[in-house]
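Residue numbers (the numbering used here): 406 to 558.
Positions of the beta carbon are idealized from the N, C-alpha and C atoms, including for glycine.
Scroll down for the structure; my scribbles are underneath it.
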């Protein structure tokens, strides 16, 4: 996929997250477009810039969802740095590895947010519904990536 198409897919995932967040916020198994967009963005950025972008996205997410700001900012910042370093250590471009990276990343971020906030109900939901949310989001990312490849022809 071309560089401009990649950034268009990342931007559309941010847009889809904030368009459909009121609908999917009540369902713990619903797809998450914010974390995959952040992880895909972090793959294209150096670790320091990715961490700053993750903190900015965490601030935006916490203010939009009325969540605790500090845990959300720190978890998304660390996830972005981790995604950037993971890309540098294990270079991959295949679709199955990208989907596994996104699904695992979503689950880890949801678990880390639940642990950081100390909410036992959200920790239970992250363990129970995290894998299904990650897989559903990975399929949505795959479909958006296919659309990006088709549009970049």
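Cβ neighbour criterion (16 or more within 10 Å) applied to residue i
| i | result |
| --- | --- |
| residue 441 | buried |
| residue 511 | buried |
| residue 531 | buried |
| residue 431 | exposed |
| residue 523 | exposed |
Top-ranked residue by Cα proximity to residue i, from the options
| i | options | result |
| --- | --- | --- |
| residue 481 | 421, 453, 411, 424 | 453 |
| residue 443 | 429, 530, 411, 537 | 411 |
| residue 560 | 473, 495, 500, 449 | Since the displayed the chain opens at 406 and closes at 558, residue 560 lies outside it and no answer follows. |
| residue 478 | 421, 467, 552 | 467 |
| residue 499 | 461, 447, 550, 424 | 550 |
| residue 417 | 489, 438, 426, 427 | 438 |
| residue 492 | 542, 451, 420 | 451 |
| residue 502 | 540, 435, 457 | 540 |
| residue 425 | 495, 529, 470, 552 | 470 |
| residue 534 | 506, 476, 420, 513 | 513 |
| residue 474 | 545, 552, 518 | 518 |
For residue i, the first and last residue of its enclosing alpha helix (DSSP H)
| i | result |
| --- | --- |
| residue 473 | No alpha helix (DSSP H) contains residue 473, which DSSP labels as neither H nor E. |
| residue 441 | 439 to 449 |
| residue 436 | Careful: residue 436 lies outside any alpha helix (DSSP H) and carries neither H nor E. |
| residue 423 | 408 to 429 |
| residue 506 | 500 to 522 |
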